[in-house]
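K.L.:
Residue numbers (this note's numbering), protein chains in the order written: chain A, 1 to 166; chain B, 1 to 544; chain C, 1 to 372.
Glycine included, every Cβ here is placed at the ideal spot set by N, Cα and C.
For clarity, every value in this text was computed on a predicted model and none was experimentally measured.
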């Protein structure tokens, strides 16, 4: 007898559990969907402030940046993504000075660990949340961060102007 | 207690050298190691029956192995055994596979990476590497010239023959070859490209109809040599690798390495950072368990459930990316604290998530946990006893489903875990269903932990000041944490440099996979997939 | 008398007018030839179009069950998605597999598609929209649709792939088991209806569908038929032969391009066929909802053409099948066979007996309430 009742109770609890499951999908059928439709929602899309997508060197309105070409970011990068090339110029008073020639960042190699940004002594580079970086050619992933003709931002206590670098 | 253990060790092996470093460290010669391990394992009072870590080290003058043993009843009782051989041409040590099953894969890994072969290991093939790989990567004199090991695009046949070295009763060493499978076995390759291996895993499976006869695990398809790479990087640089081990426990892994370094150089981590770390750890755990739940339901054929799990996980990922700019690889912890302070609405978002997740847990229960088909597919399937779990070092939700209390958060409380209240979920059944339920219950416990912390985050710094160049004093450092999949461990051997001399990660997934051949034997092939889902291993964690 | 109201919208007007037109102008032979060819073309076209619609519907409904939106890029609401997919599948290369049994490998998809196509001819889509009305229609449909399994077995065997082989073997076991149940379930209704001819069966359901007529027994048979029909179409939770997470794609792993397309089409069409047979046998086929004595109501219902009734009933059953498919995990092979041999078959046999008793003792609804 017990096996018979087990047979039927098994059957009915089984059916009940299946119906409960179907109830859940039924509810979902009428729930608002969570899918975001990307190119359409570009205008309203909110990418969080801190999202690390692209390394940039902020330039102010005078086309000046804060990079002193010290190379600490290059040293700290775990896999050689950054290449800082300094150049030496002679200042007005005859001293030799190291300034930035090119700051190259290879997006294709970057692991986005943020070490370069947190170790930079002059806060010259930051990660921006512009995520639309897909390109068709690999070489386009290698970017120069300092703009053409940019120069080092003067600190206020310094008085001697440096020559613009071309 | 310490004295008793010392006495026991000296009674067994009189010439053993005992040092008290971070842990009790014992150095013995290779021949005596097996005896010592056996005594430590089998003694009644302080049974060291859990092999946490087996690390091969190239010590320069000798090639050695470090064993970290601890007691399965109290994980904080630890002892480190060391042995080594100065023969670099044909280094041979004695295997302890007969005492700890988990030693099997670890010894094979040591053979592949350091070239030490283990006498009496039943299957001495290289793990991770092909048999014809030239050189042993973790040796200090390894030649990384790519011409020695060119990338081949030719397909190679699998060779199912394993060499091994056995010691006969009269002390002679015999080298022999054994066939893994029988000649007329019907073998299918589950992986390396397969929808349900959760990564690039390769199970060579011999079948008898629908029933699994034997599984041979091949791994290493995505081995990246993280441990070798780390030997030439500074500690802050190494941090970014930890996120890429078990990417689902990214934050917890990173926490472990940070803590290991912080303890070694005595940095006090600010309270605020501790809070942030623990909250993020628990969010990571929920994230990982949600993915495990989804993946397991998908393995059992319920695609809809998979997407439901992903839907909830997305909310956690959003919190992550607002906090630290990453979704999967989140780079939050740094040595001394955390990289980013929490954002303004962090507490609000997390507090909104907690009741939402609770509601969804009920939905999961209704949708899947009591479904008669799901019950039939998981209950009584893939049974693992407590002894097996300990022997195979299966920790985490899977180990706790076999009634082994192995939560590091309880046994060796780190960070804030001694200040929060939570239950360790234990189940006695040891089957796939118990592992499945354990994860859902642990999500609830994690929510409970977060609830206790989220309103009390103290003000203050979120990162301590550290030196520009971090050098660890000479010594050996272990750190163990509870990652989502089980016990995650970091071992650093430092020689006073800014680089580690040897860095080893104990990966929980490797232990989980090593138990697969055991618990899948005699089950149906469909269950092999389901059991894999219930074990929830992540391949990059194995292929470090 | 009954379908008078919808008469102007019925396609059978067109067909009978066309028939008369041909007969008045051509000899018997040519009339028949032209009609046969046209019917053939019509069926083939319907076959393809229904499959495309079903594929789109399934993807969309599945998405809604899964908190997604489904296809929405090709055309408005993704309406042209399955057309685009069809074009893609037609353009894809058919890959030759090393060391496969080439003849059987090529032949297998045809078995599959021919089996489901043959069934198509016997389905009454609407009043007068049935290619051939056998007096043993039920038997014919059951017999022909089971040919498809040969295609599955051959595919698994000839692919030289172990996954395919396991999938095919599972499929064989599954199909043979569930064919029994579905056969018995239909048999139960044959007992009730007293005929095997679809047209007569439908006429008999004018005021009382078979599912109501045999009450308990019919409902059990209906549920069993749906379950076993679902299993025969190899769709989740019975999709073991394909078992994506275990066998990658089961028996059709090695197929590509049009050959894969055949399997894909056949899968959806089989779903449609099962649903349409269930409609015909249990739910009154193309007949509208009619209640004896409510003439006004019957009149309103009668305005809707018969094929609309047929397709909406079938569509409902297909939705049911999708709902089930996307709610449950997959069964294991032993559970699958358990379900059949431990539950469905014994229940079915008892049910058949019950139906015989119901009919003999006059306990059917028609007899009890004197419905026509």
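Does the distance from the C-beta atom of residue 524 of chain B to that of residue 62 of chain B stay below 8 Å?
P.N.:
Not closer than 8 Å, so no.
K.L.:
Scan the stretch 230–241 of chain B for residues whose Cβ lies nearer than 9 Å to a Cβ of chain A and list them as they occur along the chain.
P.N.:
The residues in question are 233, 234, 236, 237, 238, 239, 240, 241.
K.L.:
Measuring alpha carbon to alpha carbon, tell me which residue in B/415, B/426, B/414 is nearest residue 399 of chain B.
P.N.:
Here the closest residue by C-alpha is B/426.
K.L.:
Mark residue 216 of chain C as exposed unless 16 or more other C-beta atoms lie within 10 angstroms of its C-beta, in which case mark it buried.
P.N.:
By the 10 Å Cβ count, residue 216 of chain C comes out exposed.
K.L.:
Starting from the Cα of residue 278 of chain C, find the closest Cα among C/45, C/49, C/218 and give me that residue.
P.N.:
When only C-alpha atoms are compared, the closest one is C/218.
K.L.:
For the stretch 14–48 of chain A, enumerate the residues whose C-beta is nearer than 8 Å to any C-beta of chain C, in chain order.
P.N.:
Answer set for the stretch 14–48 of chain A: 18, 21, 22, 24, 25, 26, 28, 29, 31, 33, 34, 35, 37.
K.L.:
Using a Cβ cut-off of 8 Å, pull out every chain A residue sitting near residue 141 of chain B, in sequence order please.
P.N.:
Those do not exist, as residue 141 of chain B stays about 24 Å from chain A at its closest Cβ, beyond 8 Å.
K.L.:
Which residues share a DSSP beta bridge with residue 65 of chain A?
P.N.:
Note: residue 65 of chain A sits in a beta bridge opposite A/152.
K.L.:
Pick out whichever of C/355, C/327, C/78, C/247 has its Cα sitting closest to the Cα of residue 52 of chain C.
P.N.:
Residue C/78 is the option with its Cα nearest to residue 52 of chain C.
K.L.:
Roughly how many whole angstroms lie between the Cα atoms of residue 308 of chain B and residue 39 of chain B?
P.N.:
When rounded, the distance between both Cα atoms is 50 Å.
K.L.:
Taking C-beta pairs closer than 8 Å, name the residues in chain A that residue 327 of chain C reaches, listed in chain order.
P.N.:
Here the neighbours are 18, 21, 22, 24, 25.
K.L.:
Since I believe residue 82 of chain B is in contact with residue 27 of chain B (beta carbons under 8 Å), could you give me their beta-carbon distance rounded to a whole number of angstroms?
P.N.:
The pair is a contact, with the Cβ atoms about 4 Å apart (cut-off 8 Å).
K.L.:
Comparing the C-beta of residue 215 of chain B with each C-beta of chain C, is any distance below 8 Å?
P.N.:
No, no contact with chain C.
K.L.:
Reducing DSSP to helix, strand and coil, say where residue 94 of chain A ends up.
P.N.:
Reduced to three states, the DSSP call for residue 94 of chain A is coil.
K.L.:
DSSP state of residue 105 of chain A, grouped into three classes?
P.N.:
Residue 105 of chain A: strand per DSSP, three-state reduction.
K.L.:
What are the residues that DSSP puts in a beta bridge with residue 502 of chain B?
P.N.:
Paired residues: B/493.
K.L.:
Under 8 Å Cβ-Cβ, which residues of chain C neighbour residue 196 of chain B?
P.N.:
Chain C residues near residue 196 of chain B: 245, 246.
K.L.:
With a threshold of 8 Å, are at least 3 pairs of Cβ atoms found where one atom belongs to the stretch 57–72 of chain C and the other to the stretch 304–324 of chain C?
P.N.:
The stretch 57–72 of chain C vs the stretch 304–324 of chain C: in contact.
K.L.:
Got a sec, what are the start and stop residues for the beta strand (DSSP E) residue 262 of chain B sits in?
P.N.:
Segment 250–264 is the alpha helix (DSSP H) holding residue 262 of chain B; no beta strand (DSSP E) there.
K.L.:
Identify which residue in C/292, C/35, C/344 has its Cα closest to the Cα of residue 386 of chain C.
P.N.:
Lying outside 1 to 372, the shown extent of chain C, residue 386 of chain C is not represented and no answer is given.
K.L.:
Go through the stretch 128–173 of chain B residue by residue and report every complete run of the beta strand (DSSP E) that reaches 3 residues or more, in order.
P.N.:
Within the stretch 128–173 of chain B, the complete beta strand (DSSP E) runs of at least 3 residues are 161–167.
K.L.:
Can you name the residues of chain C whose CB is closer than 8 Å to the CB of residue 55 of chain A?
P.N.:
In chain order: nothing, as chain C lies at least about 33 Å away.
K.L.:
Measure how close the beta-carbons of residue 165 of chain B and residue 382 of chain B come, nearest whole angstrom, since I'm counting them as under 8 Å.
P.N.:
Not a contact, Cβ separation roughly 32 Å.
K.L.:
Just to check my reading of the structure: residue 280 of chain B and residue 332 of chain B have Cβ atoms closer than 8 Å, yes? What is that Cβ distance to the nearest angstrom?
P.N.:
At roughly 6 Å, the Cβ-Cβ gap stays under 8 Å, so residue 280 of chain B and residue 332 of chain B are in contact.
K.L.:
Helix, strand or coil for residue 223 of chain B per DSSP?
P.N.:
Three-state result, residue 223 of chain B: coil.
K.L.:
Tell me whether residue 486 of chain B sits in a helix, a strand or coil according to DSSP, three-state version.
P.N.:
Strand at residue 486 of chain B.
K.L.:
Are the stretch 183–196 of chain B and the stretch 105–115 of chain B touching by the rule of at least three beta carbon pairs closer than 8 Å?
P.N.:
The answer is no - the stretch 105–115 of chain B does not touch the stretch 183–196 of chain B, with fewer than three Cβ pairs under 8 Å.
K.L.:
Give the straight-line distance between the Cα atoms of residue 149 of chain A and residue 42 of chain A, rounded to the nearest whole angstrom.
P.N.:
Taking the straight line from one Cα to the other gives about 33 Å.
K.L.:
Helix, strand or coil for residue 89 of chain B? Go by DSSP, reduced to three states.
P.N.:
Of the three classes helix, strand and coil, the one that applies to residue 89 of chain B here is coil, per DSSP.
K.L.:
Using a Cβ-Cβ distance under 8 Å, would residue 175 of chain C count as near chain B?
P.N.:
Closer than 8 Å: no.
K.L.:
Below 8 Å between beta carbons: does that hold for residue 102 of chain B and residue 504 of chain B?
P.N.:
Against a cut-off of 8 Å, the Cβ pair of residue 504 of chain B and residue 102 of chain B comes out as no contact.
K.L.:
Need the endpoints of the alpha helix (DSSP H) that residue 117 of chain B sits in, please.
P.N.:
Residue 117 of chain B -> not in any alpha helix (DSSP H); beta strand (DSSP E) instead, spanning 117–119.
K.L.:
Roughly how many whole angstroms lie between the Cα atoms of residue 280 of chain C and residue 137 of chain C?
P.N.:
Looking at the two C-alpha atoms, the distance is approximately 11 Å.
K.L.:
Beta-carbon within less than 7 Å of residue 48 of chain B's beta-carbon, same chain only, minus the 5 sequence neighbours each way: which residues are those?
P.N.:
40, 41, 69, 70, 71, 79, listed in sequence order.
K.L.:
Any C-beta of chain A sitting closer than 8 Å to the C-beta of residue 377 of chain B?
P.N.:
Answer no: the Cβ-Cβ gap between residue 377 of chain B and chain A never drops below 8 Å.
K.L.:
Any chance the stretch 107–123 of chain A sits against the stretch 27–34 of chain A, with 3 or more Cβ pairs inside 8 Å?
P.N.:
No, because fewer than three Cβ pairs between the stretch 107–123 of chain A and the stretch 27–34 of chain A fall closer than 8 Å, the two stretches do not touch.
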